Amino acid sequence: MAEDFTSSGAIHFTGLGNGTDFDSIIQATVKAESFHKNRLEVWKADWVKKQEYFQVLNTDLLTLKSHMSSMDTMDEFLKKSVTVGNSAVLSATANSEATEGTHTIEVNQLAKVEVEAGTTAFAAKTDAVNSSGGALVFSFAYGPDTTEPIDAATTDTMTLNVPNGTTLEGLRDLINKDANNPGVRASILHDGSSYYLQLKGLDLGQDNKVTILSTTTLTGFESADFSEIQAAQNAEFRVDGWPAATWISIASNSSSDAIEGVTLNFLDTGTTEIGVANDDEAIIEQVRTFVDKVNEVRNTILQMTKFDDVKKQGALLQGNYGLQIISSKLKNVTAQKGVGFDYDDDTVSTLSQLGITTDATEGSPTRGMLLFDESIFREAITADSDAVAKLFGADYLGESNSPDFSYSSHIKNYTDPGTYNIEYTVDGAGNITSATIDGHEASISGTSITGKSGFPEAGLAITVNNLAAGNYSGEIRLKQGKAAEMVSTLDELTSSTSGPLAILERNYQDIVDNLDKKIEYEAKRLTTLERTLRLKFARLESTLGYYDQLKTSLENQVKQLSTK
């Protein structure tokens, strides 16, 4: 039987009559009536696809944020390398505060802990150290004072009651497990035939000595029964021959103060040279990755919103305002000057000065993407590495453009980064009578001016240097590098509560939920329609059957009459 169905819902049947295929009629009718349900399902698929696109973009944004978080301070961005001439003497690391150059390090001695070994021998670890029939005392001091009476202000003491029958192992455990142990570790030594108690300080330095006290009554464990195996001592070293007549002495084998920005880890005595330099390749690799990750996000947005000139059709999210917001905010970060930076006063204030620009060439395959001219970047970092590091890694770096006042402090995540106009007045007595930050009244306390809550400058503290009578003005710049600015922007964009993607995804989910309800309603309607049609055509089939039988009966009667 030939059939013809159209998408508008019209149906044409041929061959109606006895033996009609009512099931085909029912299926065709239901199919035609399914037009609205099918259209709803197509709409739902589009909205679900949009949600999936948002999830892909959100993943790209979080990946970018993760990378930027690894370089959002000057220490993280301005990588320094340290070469050591004799690696057996020391190892070294450097942060962004280290100055490029070489240094000679002479290590005279390493810091050590105190080690005292008992001379009383025991055949087994389970031998008793106290067989007196009663409790005995074992006491020692730990600290710089070794002369009794011990000065409690500088040196800790420990007194143990050793019960009768306590073994060598038991004494060790009493010392180690006592809650008042000041930092001494007891252990048992074995020389191949006998066992001995050893006391070892856990802290390096000459002020951490172990002294057995005269109050000890435990036989075999008095002061005369111990031998100093290793004396507590400080590390001693010189940097570039200084100090000439003595040594830098510290209670550690690690120094982070002797050379600004450099940490020295002493391994042995001896002399070696170290060289500190910018690790340009590591720095450039960070920037390459930054550019790549930004371009991944830009390309994702482009693919979701572009217009296909061949198909004459826009992508699923073309014109989507949420993606427009995201694209605009990210472009602002890379195109505008750094937050709190000044075009005139800062050597580097924009990424374009470092060779990072957006390709605006018509027809270019990378149009709209970031370009990175490494030669420009290398020149910039060679000329002024600190300026480059600030633009990328400044972490609320406060600066004043006036000698009359200086930046004091801020409250991170409370004070906003940026440039603030400062004005204050001093009377004839040298008192600050009024002060404003960006036109808002500020709190005054002595020589300190602080931004009040409710404004971007909340918590920003400024110290006044000039208290001569008069009116003063200037700027405080609280700088935020591009890495931190990008992280902050991405925090907003990927927020699960207020981010544009999250808001749109929730809105789209509402649409999907409503479509599900309509689809469910249509499915029920079609089920009811099919049931109604089957009942209707069942009755029709029964009626047609009845008339068919009646027809047959009449035909038979006519035949019988004609034969008579």
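Heads up, our numbering is the position in the sequence shown plus 29, with the first residue counted as 1.
For glycine and all other residues, C-beta sits at the position ideal for the given N, C-alpha and C.
None of the values given here were measured: they were computed from a predicted structure.
Through-space distance from residue j to residue i, alpha-carbon basis
i           : j           : result
residue 256 : residue 249 : 12 Å
residue 402 : residue 464 : 46 Å
residue 323 : residue 93  : 7 Å
residue 357 : residue 78  : 23 Å
residue 631 : residue 50  : Outside the displayed range of the chain (30 to 593) lies residue 631, so it cannot be described from this structure.
residue 414 : residue 362 : 21 Å
residue 364 : residue 498 : 43 Å
residue 198 : residue 100 : 52 Å
residue 328 : residue 390 : 16 Å
residue 476 : residue 109 : 39 Å
residue 581 : residue 64  : 42 Å
residue 19  : residue 80  : Given a span of 30 to 593 for the chain in the structure shown, any question on residue 19 remains unanswerable.
residue 187 : residue 247 : 14 Å
residue 61  : residue 565 : 18 Å
residue 169 : residue 95  : 52 Å
residue 310 : residue 385 : 17 Å
residue 347 : residue 336 : 7 Å
residue 544 : residue 530 : 20 Å
Residue span of the alpha helix (DSSP H) that contains residue i, given as start and end
i           : result
residue 578 : 529 to 591
residue 439 : Neither: residue 439 is in no alpha helix (DSSP H) and is coded neither H nor E.
residue 101 : Unbroken run through residue 101: none, as it is neither H nor E.
residue 361 : 350 to 364
residue 199 : 197 to 206
residue 113 : Segment 109 to 113 is the beta strand (DSSP E) holding residue 113; no alpha helix (DSSP H) there.
residue 275 : No alpha helix (DSSP H) holds residue 275; DSSP gives it neither H nor E.
residue 422 : 414 to 422
residue 60  : 51 to 62
Spatially closest choice to residue i from the options, by CA coordinates
i           : options               : result
residue 524 : 271, 144 and 83       : 83
residue 302 : 263, 132, 287 and 189 : 132
residue 331 : 473, 318 and 353      : 353
residue 599 : 434, 368 and 552      : The structure shown does not extend to residue 599, since the chain is modelled only from 30 to 593, so the question has no answer here.
residue 242 : 236, 251, 235 and 390 : 251
residue 239 : 191, 267, 175 and 273 : 175
residue 503 : 466, 253 and 484      : 466
residue 97  : 423, 516, 327 and 73  : 516
residue 284 : 275, 371 and 264      : 264
residue 370 : 424, 306 and 152      : 424
residue 279 : 236, 307, 542 and 297 : 236
residue 333 : 351, 321 and 136      : 351
residue 617 : 397, 117, 392 and 320 : Here the chain covers residues 30 to 593 and nothing more, so residue 617 does not appear.
Per-residue DSSP class, three states only, for residue i
i           : result
residue 335 : coil
residue 494 : coil
residue 517 : helix
residue 224 : strand
residue 74  : helix
residue 80  : helix
residue 67  : helix
residue 407 : helix
residue 154 : coil
residue 327 : helix
residue 319 : helix
residue 185 : strand
residue 460 : coil
residue 310 : helix
residue 190 : strand
residue 371 : coil
residue 512 : helix
Contact belief for residue i with residue j at Cβ below 8 Å, rounded distance in angstroms
i           : j           : result
residue 500 : residue 432 : That belief does not hold up - the Cβ atoms of residue 500 and residue 432 are roughly 15 Å apart, past 8 Å.
residue 141 : residue 259 : 6 Å
residue 212 : residue 180 : Contact flag wrong, Cβ pair sits at about 17 Å.
residue 489 : residue 473 : That pair is no contact at about 13 Å.
residue 111 : residue 304 : 7 Å
residue 227 : residue 144 : 7 Å
residue 491 : residue 434 : 5 Å
residue 291 : residue 123 : 5 Å
residue 157 : residue 194 : 6 Å
CB contact below 8 Å: residue i versus chain D
i           : result
residue 156 : Annotation note: the requested chain D is absent from the structure, which comprises a single protein chain.
Range covered by the beta strand (DSSP E) that runs through residue i
i           : result
residue 378 : Unbroken run through residue 378: none, as it is neither H nor E.
residue 400 : 399 to 401
residue 247 : Counting along the chain, residue 247 falls outside any beta strand (DSSP E), and DSSP gives it neither H nor E.
residue 214 : 213 to 219
residue 488 : Premise fails: residue 488 is in no beta strand (DSSP E) and is neither H nor E.
residue 134 : 130 to 138
residue 396 : From DSSP, residue 396 is part of no beta strand (DSSP E); its letter is neither H nor E.
residue 257 : 255 to 259
residue 286 : 283 to 288
residue 145 : 144 to 147
beta-carbon residue i near the ligand ZN non-hydrogen atom, thresh 7 Å
i           : result
residue 140 : You won't find the ligand ZN in this model; it holds no ligand whatsoever.
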